[in-house]
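*Asks:*
Chains as they are written, first to last, in the working numbering: chain R, -3 to 245; chain D, 81 to 672.
This is the structure in structure tokens:
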């Protein structure tokens, strides 16, 4: 009996300045096979479907259980995590491309450091006095924890930014992930001390007003963050902050 | 005088905790990580973090945490650092709480605690079932704050290659490689902290992340650092068997009431929910009535092995048992375990609220590691170890939810210790050996990139993984260990003919992997030979031919020294610090 195989088409690009092309691969099908395993199969035998030797595919991956956020790529046109994408659930040939909104490094690897820079810009942290022993933190009721926890599940995969029509070089939009973190830290009793600064950081160009409410972000988020709710809440707070700042002159 | 520069390698909990302490004390830090630090393997920890806060009126105390940890580790851990860790744990939880970790709460707004393996107390604070992720993010955010203030410089996407060691044997910095440009560079420093995690990749498939190769530990081991207790490898009882990795199913599933069982009748292939209670064997509850499903991991793992391989009761004759949560209320499950149930459903395609999960043990944690003194310094002055990559707290078996606390505690201690060392140390002579070390590394790279032969590095790695898993995990026989060592020697020989199908000098992942592979091969011998020498059973190290613990001969730390010889590392024994708790037999079928 012939072994069942999986057809893959992968966009290859050796470096940021090189031309891109597509290579076809065929790997053995197994139940539960995910896209990262298929990429590992290629590394074990780096030969294209038509028998031409090639290089292993460069891509980011680490935890392989959809919690580290590394392996985001476009699979059959959709931004998603390669590790949690099971081949049996998608159409073949599986077309795999890098995320398109970030500088390409090589093959499926892109540079997503812009998100970490954005988190710096909005001061996405709780400004504690120090790490010496100051006793327990503020009391937090379960109802508040249940608001914070889902926002704190963001894995920085940047899928929400990839699919956002407003996330472009022209707008400089920070994207949904960063706004959700503003919502998270403004919600924390100590974190809220920086609330005004965070809101002002989102008040200018590239800030929250760039959002066009396409709602692609919330649909694509692998961790189901309540992104559109966070955007609405922060949007309102930014407006109020603007008004206050305006009145204060 | 300018603040000394400290290098921290690894951006998981231990590394980030060290960075925070150094920056706070006015030091300046270069932080190196293969991946953006927010994607480090600590993110995978699920169930929680231990601290005897005694918020449930049970009379828990740090002394009891200390005793549970030492007993759980089968008395192999040095007691002084374990005691200090258990005493520091409640303060660490408070700090994480202040940093904004969204821990689960009681109705009164206090921290909630759950039960975990190897204890009878509610001692584990948790944030759903993604506690490691939440803790890592909290430390990552504090480090980002220091980065914004210019106190920390991150080198993400750089791989540690070696320590720079001067003519007097002191560490003076590191060499590292930029994984995009493949550029090699020497980075001088007053002290270096390795916080590079576990060695799961040596076993091929494990619950560890891709970067957990042990390559950094192995590199300094080959430069003269001792490696301690290499043979102690934790196999977690409940992992989801997978094509590419074994995905962890947290102990918290059992802490919240999950039950492990198999059908009593071999070959009973009815759907699990149609098998009546009386026809199910809840073997952990039956064999260990006092701790039940919450026996320590080594005990649960061996019990699952036994029920599958000796009693022939694996589900459908396969090496799998049920982990059942279906008797529990859906809302509670989602609030406390949501993250892991979602992972199971995504990867297996079955809803664990409705169907019992199918699980099997998988390699999970490295109890052994770089030998360090009680100040966390290796035998190479100026080189420190912190977190899973060192050996101090967990002895022969780690208790669940002790890893997160040990990593943070280590970071908090190694950071200030490294800073103090650097402040009191004299300046290096000349460049401290940087140029020579850089030249040595350039030579290795130049040779590797044009090496000729027919060996694919990923295939060699697969062979290493299956040998290690077969011979050096749950059951160990000297004959099998001998075979494994011979296999590693042959792989080291074949490695000489490794051929990179990619010879480019830009983001060449096979090249980086081939370098890691060499280090994995060298380090795996400490596991195998350490296990061979230890003719007893203790914690996770179990030899059916020597089923009992032998304190007289083996209440000792194994210390391995690299020789470069084909005979392998030289092994010696060191006494264990047992000044607080006298060793006693370890059993979990009754209260201790």
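For glycine and all other residues, C-beta sits at the position ideal for the given N, C-alpha and C.
#1: Compare the beta carbon distance of residue 610 of chain D and residue 447 of chain D with 9 Å and say whether it is the shorter of the two.
#2: 9 Å is my cut-off, CB to CB: does residue 573 of chain D come that close to chain R?
#3: Can you tell me which residues form a DSSP beta bridge with residue 388 of chain D?
#4: At a CB distance below 7 Å, what residues from the stretch 80 to 110 of chain R approach chain D? Give them in sequence order.
#5: Grab me the residues of residue 180 of chain R's own chain with a C-beta within less than 7 Å of its C-beta, minus the 5 sequence neighbours each way, in chain order.
#6: Among all the DSSP beta bridges, which residues are the ones paired with residue 440 of chain D?
#7: Consult DSSP for residue -3 of chain R and reduce its assignment to one of helix, strand or coil.
#8: Return the residue from the list R:124, R:21, R:43, R:99 that minimises the CA-CA distance to residue 89 of chain R.
#9: When the Cα atoms are used, what is the spatial distance from residue 192 of chain D to residue 276 of chain D?
#10: By the three-class DSSP mapping on this structure, what secondary structure does residue 639 of chain D have?
#11: Would you kindly work out how many angstroms separate the C-alpha atoms of residue 260 of chain D and residue 99 of chain R, rounded to a whole number?
#12: Can you give the Cα-Cα distance for residue 206 of chain D and residue 569 of chain D, rounded to whole angstroms?
#13: Inspect the CB distances between the stretch 147 to 164 of chain D and the stretch 466 to 475 of chain D and report whether three or more fall short of 8 Å.
#14: Based on the DSSP output, what are the partners of residue 102 of chain R in its beta bridges?
#15: From the DSSP output, which residues share a beta bridge with residue 236 of chain D?
#16: Which word fits residue 67 of chain R, buried or exposed, when buried means at least 16 other C-beta atoms lie within 10 angstroms of its C-beta?
#17: Nearest chain D C-beta to residue 249 of chain R closer than 9 Å, yes or no?
#18: Just the chain D side, please: which residues come within less than 8 Å of residue 116 of chain R by C-beta, in chain order?
#19: May I ask you to report which of helix, strand or coil DSSP gives residue 465 of chain D?
#20: Along chain R, in chain order, which residues have C-beta atoms closer than 9 Å to that of residue 184 of chain D?
#21: Counting only Cβ-Cβ distances shorter than 8 Å, please list the residues of the stretch 107 to 141 of chain D near chain R, keeping chain order.
#22: Using 9 Å as the threshold, is the C-beta distance between residue 279 of chain D and residue 603 of chain D below it?
#23: How far does the beta strand (DSSP E) with residue 402 of chain D in it extend, from its first residue to its last?
#24: Could you name the residues of the stretch 528 to 559 of chain D whose beta carbon sits closer than 7 Å to any beta carbon of chain R, in the order they occur along the chain?
#25: In its own chain, which residues sit with a C-beta less than 7 Å from the C-beta of residue 202 of chain D, not counting the 5 before and 5 after it?
#26: Under 9 Å, Cβ to Cβ, is there at least one residue of chain D near residue 119 of chain R?
#27: If we define contact as Cβ-Cβ less than 9 Å, is residue 481 of chain D a contact residue for chain R?
#28: Which residues, in order along the stretch 166 to 180 of chain D, keep a beta-carbon less than 7 Å from a beta-carbon of chain R?
#29: With a cut-off of 9 Å, does the C-beta of residue 0 of chain R fall near any C-beta of chain D?
#30: What whole-angstrom Cβ distance do residue 150 of chain R and residue 173 of chain R have, given they're in contact under 8 Å?
#31: Can you tell me where the alpha helix (DSSP H) holding residue 144 of chain R begins and where it ends?
#32: Could you check what DSSP says for residue 548 of chain D in three-state terms: helix, strand or coil?
#33: Roughly how many angstroms separate the alpha carbons of residue 630 of chain D and residue 318 of chain D, rounded to a whole number?
#34: Note down, in chain order, every chain R residue with its Cβ under 8 Å from the Cβ of residue 637 of chain D.
#35: Any idea what DSSP makes of residue 224 of chain R, helix, strand or coil?
#36: In chain order, what residues of the stretch 8 to 41 of chain R put their CB closer than 7 Å to some CB of chain D?
*Replies:* On the basis of the coordinates in this document:
#1: Residue numbering aside, residue 610 of chain D sits at position 530 when the second chain is read from its first letter. Residue numbering aside, residue 447 of chain D sits at position 367 when the second chain is read from its first letter. Cβ atoms of residue 610 of chain D and residue 447 of chain D: not closer than 9 Å.
#2: Taking the second chain and counting its residues from 1, the one referred to as residue 573 of chain D is at position 493. Chain R contact via Cβ: absent.
#3: Here residue 388 of chain D refers to the residue found at position 308 of the second chain. According to DSSP, residue 388 of chain D bridges with nothing at all.
#4: 80, 101, 102, 105
#5: Translated into positions along the first chain, residue 180 of chain R becomes position 184. 144, 147, 148, listed in sequence order.
#6: Residue mapping note: residue 440 of chain D aligns to position 360 of the second chain, counting from 1. DSSP, once it has assigned bridges, lists D:319 as partnering residue 440 of chain D.
#7: By one-based count along the first chain, residue -3 of chain R stands at place 1. At residue -3 of chain R, the pLDDT of 49 sits below 50, so the modelled position is not reliable; the number obtained from the coordinates is stated separately. Of the three classes helix, strand and coil, the one that applies to residue -3 of chain R here is coil, per DSSP.
#8: Locating residue 89 of chain R in the first chain gives position 93, counting from the first residue. If we check each option's Cα against that of residue 89 of chain R, R:21 comes out closest.
#9: What you label residue 192 of chain D is simply residue 112 of the second chain in a count that begins at 1. What you label residue 276 of chain D is simply residue 196 of the second chain in a count that begins at 1. Cα-Cα distance, rounded: 30 Å.
#10: On the second chain, position 559 is the one that residue 639 of chain D refers to. DSSP places residue 639 of chain D in strand when its eight states are reduced to three.
#11: In the second chain, the residue the question calls residue 260 of chain D occupies position 180. In the first chain, the residue the question calls residue 99 of chain R occupies position 103. The straight-line gap from Cα to Cα measures roughly 13 Å.
#12: For the purposes of this step, residue 206 of chain D is taken as the residue at position 126 of the second chain. For the purposes of this step, residue 569 of chain D is taken as the residue at position 489 of the second chain. Taking the straight line joining both Cα atoms gives about 43 Å.
#13: yes
#14: Along the first chain, read from residue 1 onward, the residue named residue 102 of chain R stands at position 106. DSSP output for residue 102 of chain R lists R:105 as bridge partner(s).
#15: Residue 236 of chain D sits at position 156 when you count from the first residue of the second chain. Paired residues: D:113.
#16: For the purposes of this step, residue 67 of chain R is taken as residue 71 along the first chain, with counting starting at 1. Buried, by the Cβ-count rule.
#17: Nothing can be reported for residue 249 of chain R, as the shown portion of chain R is limited to -3 through 245.
#18: Residue 116 of chain R sits at position 120 when you count from the first residue of the first chain. By Cβ distance, chain D contributes 224, 227, 228.
#19: Position 385 of the second chain holds residue 465 of chain D. Three-state DSSP puts residue 465 of chain D in a strand.
#20: Residue numbering aside, residue 184 of chain D sits at position 104 when the second chain is read from its first letter. Those within 9 Å of residue 184 of chain D in chain R are 138, 141, 145.
#21: 115, 116, 118, 119, 120, 121, 123, 124
#22: Your numbering for residue 279 of chain D matches position 199 in the second chain. Your numbering for residue 603 of chain D matches position 523 in the second chain. Yes; because the gap between Cβ atoms is below 9 Å, this pair is in contact.
#23: Taking the second chain and counting its residues from 1, the one referred to as residue 402 of chain D is at position 322. Note, residue 402 of chain D: beta strand (DSSP E), 401 to 404.
#24: 536, 538, 539
#25: Locating residue 202 of chain D in the second chain gives position 122, where the first residue counts as 1. Excluding positions up to five away in sequence, the list reads 136, 138, 193, 194, 195.
#26: Residue mapping note: residue 119 of chain R aligns to position 123 of the first chain, counting from 1. Yes, residue 119 of chain R lies at the interface with chain D (some Cβ there is under 9 Å from its Cβ).
#27: Locating residue 481 of chain D in the second chain gives position 401, counting from the first residue. Taking Cβ atoms only, chain R never reaches closer than 9 Å to residue 481 of chain D, which makes this a no.
#28: 171, 174, 175, 177, 178, 179, 180
#29: Within the first chain, the letter at position 4 stands for residue 0 of chain R. So no, residue 0 of chain R is outside the interface.
#30: To locate residue 150 of chain R, count along the first chain from 1; it is residue 154. To locate residue 173 of chain R, count along the first chain from 1; it is residue 177. Yes, they are in contact, since the Cβ atoms of residue 150 of chain R and residue 173 of chain R sit about 6 Å apart, within 8 Å.
#31: Along the first chain, one-based indexing puts residue 144 of chain R at 148. It spans 138 to 147 - the alpha helix (DSSP H) in which residue 144 of chain R sits, taken as one unbroken run.
#32: Counting from 1 along the second chain, the entry for residue 548 of chain D is found at position 468. Three-state result, residue 548 of chain D: helix.
#33: Position 550 of the second chain, counted from the start, is the residue given in the question as residue 630 of chain D. Position 238 of the second chain, counted from the start, is the residue given in the question as residue 318 of chain D. Residue 630 of chain D and residue 318 of chain D: Cα-Cα distance of roughly 29 Å.
#34: The residue you call residue 637 of chain D lines up with position 557 of the second chain. Simply none; closest approach about 31 Å.
#35: Locating residue 224 of chain R in the first chain gives position 228, where the first residue counts as 1. Correct three-state label for residue 224 of chain R: helix.
#36: 10, 11, 26, 28, 29, 30, 32, 33, 36, 39, 40
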